Structures are given as structure tokens and as C-alpha cells.
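These notes are about the structure you will find just below.
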Amino acid sequence: NAGVTQTPKFQVLKTGQSMTLQCAQDMNHNSMYWYRQDPGMGLRLIYYSASEGTTDKGEVPNGYNVSRLNKREFSLRLESAAPSQTSVYFCASSRTHEGSYEQYFGPGTRLTVT
Amino acid sequence: AQSVAQPEDQVNVAEGNPLTVKCTYSVSGNPYLFWYVQYPNRGLQFLLKYITGDNLVKGSYGFEAEFNKSQTSFHLKKPSALVSDSALYFCAVRVFASSSASKIIFGSGTRLSIRP
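As given, the protein sequences belong to chains A and B, one line each in that order.
Under this note's numbering, the first residue of the first sequence is numbered -5, with each subsequent residue one higher.
Under this note's numbering, the first residue of the second sequence is numbered -17, with each subsequent residue one higher.
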């Protein structure tokens, strides 16, 4: 039981390049999330998927797209990376989105955009 | 506006002493409250939550938190700190984005440092 896994662990991009961050969970959770973590700002929600087949914008969605590929997998795509997207990205999952269940987090992807 | 606040960026405690990490919130409706811990270069780990019931909630690693409705607080506590408790701690709360949609928002984090 691996929990939430993310790939890659580290990535360096040049401005304008694109990439996809992968996330998978094996806990049969319905809801999945993408956050970014920046110093002094806590975690900010980028996008979430309350259930398979649905995605919704979070607090900071601009510059990102997501795909809920199936119940297990939720990917985050940067179409044209910008230095402002330098951050640590975390994927998380929870049983449901209604708020009473805790979230389980992956180990993170550290992204640098030069 | 609905929010969660951690008023201290850093808390320093000597090993063996009690510790408190503060969290206050402002939400509409009944609050669902969570504490998470983040060790260096790791994702967040769930510690405990308050949904309903007893105001004193017990969680992992000997931590507990007290829900205080009148003070809108949910402070994290531990009777005797360990050096291994040194980490970044996040309070989180469920807020309502609309009448039917909710989301979790996180505080900015408090760095807990336990000195030997």
C-alpha cells in the first residue's frame, strides 16, 4: 500500500517549456487535489477533483490544467512554465470532498523554472 | 471572510516541556478542523481532526488539540515535547465556497523547534 505517489521528485524547466506532474493513489479515494507550497504562504489549492470525471478550479488555477485520468490518477500540466511557478507541488487524496475526511499527501515535486 | 490563522511563525520549546501551537478560525456553520505535520522534504501527514463531540481530540504521536467554540480556536498541544517533534505544523479548516460546495483551507504554518 504505497498511499499517494508523485513523479518526478525534482524538475528543472526553462521558461516556456511544458511538463506534466503525475499523481496516483491506491486507497480507493474519490477526491484528489493539487497544491503548491511557497515559503510563508502555506498550501494553496490549484485544482481538485471531487470525484472521477469532475475537476474544479481552486485558489490559484491560472497557468495549470488537470486531468482525472481514472479514479487512481490525477495529473497536473504546465503548458508554458513561468518562473512564478517555481514551487513545491503536492498531490493529495481523501475519501470524499465533503470535508470531514482527512487528506493524504504525496512526497511532493520540487519544480524550478529558470 | 472565512479563514484560518496561525499567529506564530515559530515556536521554540525545551525538550520535556509542554508545547502549544495556536490556531484560530473564522467559518460559517459548524467547523471541521484539522492539524497536519510536515517533516523536511516530505508531504503533510494528518495528526488529528475535530468534527463533532468531545472538545479534546487526541491524535498521533501524543498530540492533542482543544476545540474552543467561544474563542474560535483549535490549539495543538503536547504535554512533553520531544526533539523529534521539530517540524512544520499546519492547521486546516473546512470552509463553504457556496451553499453546497466546501473546501479545505490551510494556515500558513508554524515551525516548531524543540531544543535538547
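Where is the CB? At the ideal position from N, CA and C, for every residue including glycine.
Since we're looking at a predicted model, the values are computed, not measured.
CA-CA distance, M21 of chain A and N(-5) of chain A?
8 Å
The segment 15 to 46 of chain A: which residues have C-beta closer than 7 Å to a C-beta of chain B, in chain order?
G34, M35, G36, L37 and L39
In three-state terms, what does DSSP make of Q79 of chain A?
helix
Between A:Y95, A:A86, A:P2 and A:H91, which lies nearest to R38 of chain A when the distance is taken from Cα to Cα?
A:A86
Taking DSSP as the reference, what is the three-state secondary structure of D67 of chain B?
helix
N- and C-terminal bounds of the beta strand (DSSP E) containing R97 of chain B
Start and end: T92 to R97.
What is the DSSP secondary structure of Y32 of chain B, counted as helix, strand or coil?
strand
So E(-3) of chain B and P98 of chain B are in contact, right, with Cβ under 8 Å, and what is the actual spacing, rounded?
5 Å
Return the CA-CA distance between L1 of chain B and Q11 of chain A, expressed in angstroms with no decimal places.
Between the alpha carbons of L1 of chain B and Q11 of chain A lies a distance of about 46 Å.
Counting only C-beta atoms, is Q5 of chain A closer than 8 Å to chain B at any point?
no
Comparing alpha-carbon positions, which option in B:R76, B:F78, B:L58 and B:S84 lies nearest P(-11) of chain B?
B:L58
Quick one: grab the DSSP three-state call for Y43 of chain B.
helix
Within chain A, partners of K31 of chain B - CB distance below 7 Å:
E96
Give the straight-line distance between the Cα atoms of T106 of chain A and L72 of chain A, rounded to the nearest whole angstrom.
12 Å
Could you tell me whether the Cβ atoms of F72 of chain B and Y14 of chain B are closer together than 8 Å?
no
Taking S94 of chain A as part of the beta strand (DSSP E), name the residues at either end of that continuous run.
Counting along the chain, S94 of chain A falls outside any beta strand (DSSP E), and DSSP gives it neither H nor E.
Cβ of Y43 of chain B less than 8 Å from any chain A Cβ?
no
Contained beta strand (DSSP E) runs [length at least 3] in the segment -11 to 20 of chain B, N- to C-terminal order:
-8 to -4, 1 to 3, 6 to 8 and 15 to 20
Inter-residue spacing [alpha-carbon to alpha-carbon] between G44 of chain B and A63 of chain B
9 Å
According to DSSP, is A(-4) of chain A helix, strand or coil?
A(-4) of chain A: coil per DSSP, three-state reduction.
Short of 7 Å in beta carbon distance, which residues of its chain neighbour Y21 of chain B, apart from the five on each side in sequence? Order them along the chain.
Only A69 meet the Cβ criterion.
Using the Cα positions of N23 of chain B and A(-17) of chain B, report the straight-line distance between them to the nearest angstrom.
32 Å
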